[in-house]
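>
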Amino acid sequence: MPQRHQTIPSAGGSAPHNPLSGTAGRVAVVDIGSNTVRLVVYDAPQMMPVPMFNEKAQCELGRGLSETGKLNPEGVEEAFRSLARFIGLAEAMGVDDLELVATAAVRDAKDGPDFVARLEKRFGLKINVLSGAEEARLAALGLLSGVPEADGFLGDLGGGSLDLVKLNRGSFGDTATLPLGHLRLTEDADGETGKAPEIIKKHLQTLTWLPEMEGRTLYAVGGSWRSIARCFIEHTGYPIHVIDNYTINRKEALRLLQSIEGIGEKKITGIPRRRRRTMPFAALVMEALLKTALPREIVFSGFGMREGQLRKCIPDEVRNQDPLI
Numbered sequence: 133m134p135q136r137h138q139t140i141p142s143a144g145g146s147a148p149h150n151p152l153s154g155t156a157g158r159v160a161v162v163d164i165g166s167n168t169v170r171l172v173v174y175d176a177p178q179m180m181p182v183p184m185f186n187e188k189a190q191c192e193l194g195r196g197l198s199e200t201g202k203l204n205p206e207g208v209e210e211a212f213r214s215l216a217r218f219i220g221l222a223e224a225m226g227v228d229d230l231e232l233v234a235t236a237a238v239r240d241a242k243d244g245p246d247f248v249a250r251l252e253k254r255f256g257l258k259i260n261v262l263s264g265a266e267e268a269r270l271a272a273l274g275l276l277s278g279v280p281e282a283d284g285f286l287g288d289l290g291g292g293s294l295d296l297v298k299l300n301r302g303s304f305g306d307t308a309t310l311p312l313g314h315l316r317l318t319e320d321a322d323g324e325t326g327k328a329p330e331i332i333k334k335h336l337q338t339l340t341w342l343p344e345m346e347g348r349t350l351y352a353v354g355g356s357w358r359s360i361a362r363c364f365i366e367h368t369g370y371p372i373h374v375i376d377n378y379t380i381n382r383k384e385a386l387r388l389l390q391s392i393e394g395i396g397e398k399k400i401t402g403i404p405r406r407r408r409r410t411m412p413f414a415a416l417v418m419e420a421l422l423k424t425a426l427p428r429e430i431v432f433s434g435f436g437m438r439e440g441q442l443r444k445c446i447p448d449e450v451r452n453q454d455p456l457i
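Residue numbering for the sequence shown follows this note's numbering, starting at 133 and increasing by one per position.
1) Closest to Val374 by C-alpha separation, out of Leu273, Phe432 and Leu262, would be which residue?
2) Rounded to the nearest angstrom, how far is the Cβ of Ile164 from that of Val233, given a contact under 8 Å?
3) Is it the case that the segment 310-318 contacts the segment 249-262, given that we only count it when at least three CB pairs across the two stretches are under 8 Å?
4) What would DSSP say about Ala241, mapped onto helix, strand or coil?
5) In or out: Ile360 buried (at least 16 other Cβ within 10 Å) or exposed?
6) Cβ of Asp240 within 9 Å of Cβ of Leu270?
7) Cα separation between Pro515 and Pro280?
8) For the putative contact between Thr379 and Glu429, defined by C-beta atoms under 8 Å, what is the C-beta separation to the nearest angstrom?
9) For a test of the three-state rule: what should DSSP assign to Asp246, helix, strand or coil?
10) How many Å lie between Leu339 and Met225 at the Cα?
11) Would you tell me roughly how many angstroms separate the C-alpha atoms of Lys444 and Leu276, rounded to the nearest one?
12) Using a 10 Å radius around the Cβ and a threshold of 16 neighbouring Cβ atoms, would you call Asp93 buried or exposed?
13) Are the CB atoms of Val169 and Ala211 nearer to each other than 9 Å?
14) Assuming the contact rule is C-beta atoms closer than 8 Å, Glu231 and Ala160 should be a hit. Round their C-beta distance to whole Å, please.
15) Where DSSP assigns a beta bridge to Lys298, which residues make up the other side?
16) From the DSSP output, in three-state form, read off Lys333 for me.
17) Exposed or buried, what is Gln337 when buried is set at 16 or more other beta-carbons lying within 10 Å of its beta-carbon?
18) For Pro183, I'd like the list of residues in its chain whose CB is within less than 7 Å of its CB, leaving aside the five on either flank, ordered along the chain.
19) Please give me, in chain order, every unbroken run of the beta strand (DSSP E) with length at least 3 that falls completely inside the segment 157-221.
20) For Thr349 versus Phe413, is the C-beta spacing smaller than 9 Å?
21) In whole angstroms, give me the CA-to-CA distance for Glu192 and Leu203.
22) Run the CB neighbour count on Gln390, radius 10 Å, all protein chains shown included, and call it buried at 16 or more, exposed below.
23) Would Glu267 and Ser293 qualify as a contact pair, given that the criterion is a beta-carbon distance under 9 Å?
24) Out of Arg362, Gly347 and Ile372, point me to the one whose CA is closest to Thr424's CA.
25) Please state if the CB of Leu299 and the CB of Met437 are separated by a distance shorter than 9 Å.
26) List the whole-angstrom C-beta distance separating Ala462 from Gly440, where the pair is believed to meet the contact cut-off of C-beta under 8 Å.
27) Ile259 to Asp246, Cα distance in whole Å?
28) Nearest to Val162 by CA position, among Arg362, Glu223, Ala282 and Glu330, is which residue?
29) When the Cα atoms are used, what is the spatial distance from Ser166 to Ala189?
30) Cβ of Arg316 within 9 Å of Cβ of Gly194?
31) Give the DSSP-derived three-state secondary structure of Ala321 in the structure shown.
32) Is it buried or exposed, Glu419, if we count other Cβ atoms within 10 angstroms and call 16 or more buried?
33) Of the residues Leu421, Ile446, Glu209 and Arg158, which one's Cα is nearest the Cα of Lys334?
34) Let me know the secondary structure DSSP gives Ile372 once reduced to three states.
35) Check the DSSP bridge columns for Tyr351 and list the partner residues they point to.
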C-alpha cells in the first residue's frame, strides 16, 4: 500500500549525527539508496549547496527485494566496501559532519535493521533510516534550496520508491510515497514494459490530489529522471548540456518518453549499462504522471534529498538568508 502523509513543516537545524575531527567546515552526506550508495561532500553548509566531491557505487541493494523481502546479498557486500572507502575519503577531506541516510530498500527489507546494526557496529557511525515521509520532506527541502518559490509538485524517483510532494510557492502540501521506484517496478513487472502501466495506474489513482496539479509544474528529481533529461537534451539538440533547471513542456516530453520506452536497452547510449535496464520503466512512471496530473511542464532539478539533509545542518542565521546573496 502507498504511504500517504499530511502537510509537513519546514525543518530546523540539528546537531551532527556523526561529528568527525575535520576543521574545514565541510559537511558530507552518504545516501544509501536502493540502487546506489553515494557520497557527496559540500565545502560548507550554505543555502545554495555546491558539491566539491561526488562519487557513487552501483550496489543495487534493492535488487530482488520484491521477491525475497531481503536486501541483495552481493549489494550488501558492495555497500560495506563502498562505505569504508567513502568514510575514509570524508575523513581525508576534513569533513566535520558526516550524515548517513538510508532509504526505501533498507527501510522495507526484513533484514534492513540487521544491515544497519552491522554497519553501525563496523564503522561506529549512526545511520538514519528515513521513513517515506522524511524522504519526501528532505527531497522537497533540497529542491527549495535551488528553487525557493517552487509551485506545483515534486516527483523524486529512486530505485525503490516514488516520492511526491505538493508545493505551493515554496510551502509543502500533502506528500505520498509509492512503491514505484525504477528498480522495484522493473522486477514487479517481470522486466516487461507492457505490464508496468497497470501497476503504476493502481498506485497513482489512490492520490486524489494529483488532478489539482493540472497546468502547474512537475519538478523531477532522481538519477533515472536525470538520465531521461540527458536523452531529451540529446534528442532535441538543446544547446546547454546542464540538467539542473532544464525545462520541457508536457507534449514534447510525452513524445520523447514514448521513443525511450520503445527502443531496446542496447540502443540507449550515454547512460550506464545498469541504468539502461530500468530506464524504460522510469520513463513509464514519468509518462503516467504527465497523463494523470497534466502539468504544463517538467523542470528537472539537480537538488534533492541529499541537499535537503544538508539543509538540516545549516545554522538558522544562514538558512534565513536569501539564497542568491
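For every residue, glycine included, the Cβ atom is placed at its ideal position computed from N, Cα and C. Since the model is a prediction, treat every value here as computed from it, not as a measurement.
So, to answer that:
1) The residue you call residue 374 lines up with position 242 of the sequence shown. Looking at the Cα atoms, Phe432 is the closest of the given residues.
2) To locate residue 164, count along the sequence shown from 1; it is residue 32. To locate residue 233, count along the sequence shown from 1; it is residue 101. Contact flag correct, Cβ pair sits at about 7 Å.
3) no
4) In the sequence shown, residue 241 corresponds to position 109, counting from 1. The three-state reading of DSSP puts Ala241 in coil, since its state is none of H, G, I, E or B.
5) Translated into positions along the sequence shown, residue 360 becomes position 228. Result: buried.
6) As a working mapping, residue 240 is identified with position 108 in the sequence shown. As a working mapping, residue 270 is identified with position 138 in the sequence shown. With a cutoff of 9 Å on beta-carbon distance, Asp240 and Leu270 are scored as not near each other.
7) This structure gives no information on residue 515, because the portion of the chain shown stretches from 133 to 457.
8) Your numbering for residue 379 matches position 247 in the sequence shown. Your numbering for residue 429 matches position 297 in the sequence shown. With a Cβ gap of about 6 Å, Thr379 and Glu429 count as contacting.
9) Counting from one through the sequence shown, the residue named residue 246 turns up at place 114. In this structure, Asp246 counts as helix in the three-state DSSP scheme.
10) Translated into positions along the sequence shown, residue 339 becomes position 207. Translated into positions along the sequence shown, residue 225 becomes position 93. Near 44 Å, if we compare the C-alpha coordinates of Met225 and Leu339.
11) The residue you call residue 444 lines up with position 312 of the sequence shown. The residue you call residue 276 lines up with position 144 of the sequence shown. Roughly 13 Å between the two C-alpha positions.
12) Residue 93 cannot be examined here, being either before or after the span of the chain that is shown, 133 to 457.
13) The residue labelled residue 169 in the question sits at position 37 within the sequence shown. The residue labelled residue 211 in the question sits at position 79 within the sequence shown. Contact: yes.
14) On the sequence shown, position 99 is the one that residue 231 refers to. On the sequence shown, position 28 is the one that residue 160 refers to. Correct: roughly 7 Å between the Cβ atoms.
15) What you label residue 298 is simply residue 166 of the sequence shown in a count that begins at 1. Answer by DSSP bridge pairing, in chain order: Phe285.
16) Position 201 of the sequence shown, counted from the first residue, corresponds to residue 333. If DSSP states are grouped into helix, strand and coil, Lys333 belongs with the helices.
17) Translated into the one-based positions of the sequence shown, residue 337 becomes position 205. With fewer than 16 other Cβ atoms within 10 Å, it is exposed.
18) The residue given as residue 183 occupies position 51 in the sequence shown. Val172, Val173 and Tyr174.
19) 158-164, 169-174 and 183-189
20) For the purposes of this step, residue 349 is identified with residue 217 of the sequence shown, where counting begins at 1. For the purposes of this step, residue 413 is identified with residue 281 of the sequence shown, where counting begins at 1. Contact flag unset, no.
21) Within the sequence shown, the letter at position 60 stands for residue 192. Within the sequence shown, the letter at position 71 stands for residue 203. Straight-line spacing of the CA atoms in Glu192 and Leu203 works out to 9 Å.
22) For the purposes of this step, residue 390 is identified with residue 258 of the sequence shown, where counting begins at 1. Exposed, because fewer than 16 other Cβ atoms sit within 10 Å of the Cβ of Gln390.
23) Start at 1 with the first residue of the sequence shown, and residue 267 comes out as number 135. Start at 1 with the first residue of the sequence shown, and residue 293 comes out as number 161. Contact: yes.
24) In the sequence shown, the residue the question calls residue 424 occupies position 292. Answer by Cα proximity: Gly347.
25) Sequence index remark: in the sequence shown, residue 437 carries index 305 (1-based). Sequence index remark: in the sequence shown, residue 299 carries index 167 (1-based). No. Outside cutoff.
26) Because residue 462 is not part of the residues shown, which for the chain are 133 to 457, the question remains open.
27) Reading the sequence shown from its first residue, position 127 is the one you call residue 259. Reading the sequence shown from its first residue, position 114 is the one you call residue 246. So the two alpha carbons sit approximately 12 Å from each other.
28) Your numbering for residue 162 matches position 30 in the sequence shown. If we check each option's Cα against that of Val162, Glu223 comes out closest.
29) The residue you call residue 166 lines up with position 34 of the sequence shown. The residue you call residue 189 lines up with position 57 of the sequence shown. Roughly 11 Å separates the two Cα atoms.
30) What you label residue 316 is simply residue 184 of the sequence shown in a count that begins at 1. What you label residue 194 is simply residue 62 of the sequence shown in a count that begins at 1. Result yes, Cβ atoms of Arg316 and Gly194 sit closer than 9 Å.
31) Here residue 321 is taken as the residue at index 189 of the sequence shown, counted from 1. It is coil, neither helix nor strand.
32) Numbered from 1 along the sequence shown, position 287 holds the residue referred to as residue 419. Buried, because 16 or more other Cβ atoms sit within 10 Å of the Cβ of Glu419.
33) For this step, residue 334 is matched to residue 202 along the sequence shown. Per the Cα distances, Leu421.
34) As a working note, residue 372 is residue 240 in the sequence shown. Three-state DSSP puts Ile372 in coil, outside helix and strand.
35) On the sequence shown, residue 351 is found 219 positions in, with the first residue counted as 1. Note: Tyr351 is bridge-paired with Leu286 and Val431 in the DSSP secondary-structure output.
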